[in-house]
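Presented below is the structure to which this report refers.
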Amino acid sequence: MADIKGNIKKVKSEMKDGVLLVAVTKTHSVEEINEAIDCGITDIGENKVQEIMDKYDSVKPVRWHMIGHLQTNKVKYIIDKVSLIHSVDSLKLAKEIDKRAAQHDKVMDVLIQVNAAHEESKWGIDPGETGTLINEILESCPNVRICGLMSVAPYADDPDEIRPFFAQVKKLYDEYGKIDHEMIDFKYLSMGMTHDYVTAMEEGSNLIRVGTAIFGARVY
Ligand SMILES: *Cc1c(COP(=O)(O)O)cnc(C)c1O
């Protein structure tokens, strides 16, 4: 079993001030997750609605993050469980989140997922469409608050190769964070996973999503 406590300590020792660590718990057990929470983890990330549903009642109080692709018809299952949805990449999804949030009389915090790597990943919007999507959401989704951007970098053996990728998303973050609107509250630039979180922070990330470096390799 992974040394969860030691691993968290190591990751935290490498973190810059003001960066939020989201422990990515997909495939891991409730026992492992609760151990991480006992070691000071305040935020956990899952990429599947079903896993959130299965674990939700047994995990100690913590903030939940939806970090994976979210199907419109599943929004209703997690709207009252998660603090932040990282993976908004269409107006259709944002509208469904808005509708469900309104039913619960709440405002849902979301990030726009940007696919700066184009061909590498199926999810996320083209960087050039970021402004259009943000404006459409502001016009038609009063119960959705846009809190920043999220991106998944392509894998590279040498993280230096993906520096320009992170820099591009940071540039968009700085640009769109300037929009003056009550439902724009840019505070999270969600970039960086186990193999590239140090590079991501150097390029301006303030939220890292780390699974393997905390819990060890996933067994599917
Ligand atoms: C699984 C996952 C992570 C964590 O990956 P590790 O390499 O295990 O740190 C981060 N972000 C997303 C979107 C993921 O699906």
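In the working numbering, the protein residues as written are 24 to 243. For glycine and all other residues, C-beta sits at the position ideal for the given N, C-alpha and C.
| Check | Outcome |
| --- | --- |
| Taking the alpha carbon of Lys104 as the reference point, which residue from Lys122, Ala59 and Val85 has its own alpha carbon closest? | Val85 |
| Please write down, chain order preserved, every residue whose beta carbon lies under 5 Å from a heavy atom of ligand 1. | Val47, Asn70, Ile90, Met216, Thr217, Arg232, Val233, Gly234 and Thr235 |
| To the nearest angstrom, report how far apart Thr235 and Thr217 are at their CA atoms. | 6 Å |
| Does the beta-carbon of Val192, which I'm using as the reference point, lie nearer than 7 Å to any heavy atom of ligand 3? | What this structure holds is ligand 1, not ligand 3. |
| Candidates Ala223, Asp112, Ala140 and Ala59: which alpha carbon is nearest Phe238's? | Ala59 |
| Starting from the Cα of Met214, find the closest Cα among Gly227, Asp121, Glu69 and Met38 and give me that residue. | Gly227 |
| Between the stretch 185 to 193 and the stretch 121 to 135, are three or more C-beta pairs nearer than 8 Å? | no |
| For a minimum of 3 consecutive residues, which ranges assigned as the beta strand (DSSP E) are wholly contained in the stretch 141 to 223? | 167 to 173 and 207 to 213 |
| Give me whichever residues DSSP pairs with Arg232 in a beta bridge. | Val45 |
| Got a sec? Which residues, its chain only, sit under 6 Å from Ala125 by beta carbon, not counting five neighbours each side? | Asn166 |
| Since I believe Met224 is in contact with Val33 (beta carbons under 8 Å), could you give me their beta-carbon distance rounded to a whole number of angstroms? | For the record, residue 33 in the displayed sequence is Lys; it is not Val. With a Cβ gap of about 15 Å, Lys33 and Met224 do not count as contacting. |
| Taking C-beta to C-beta, are Gln73 and Ser110 nearer than 8 Å? | no |
| Do Thr50 and Val242 count as a contact pair if the criterion is CB distance below 8 Å? | yes |
| Buried or exposed: which applies to Tyr220, given that a residue is buried once 16 or more other Cβ atoms fall within 10 Å of its Cβ? | buried |
| Using 8 Å for Cβ pairs, my map puts Asn138 next to Gly151. What's the rounded Cβ distance? | About 11 Å; that fails the 8 Å criterion. |
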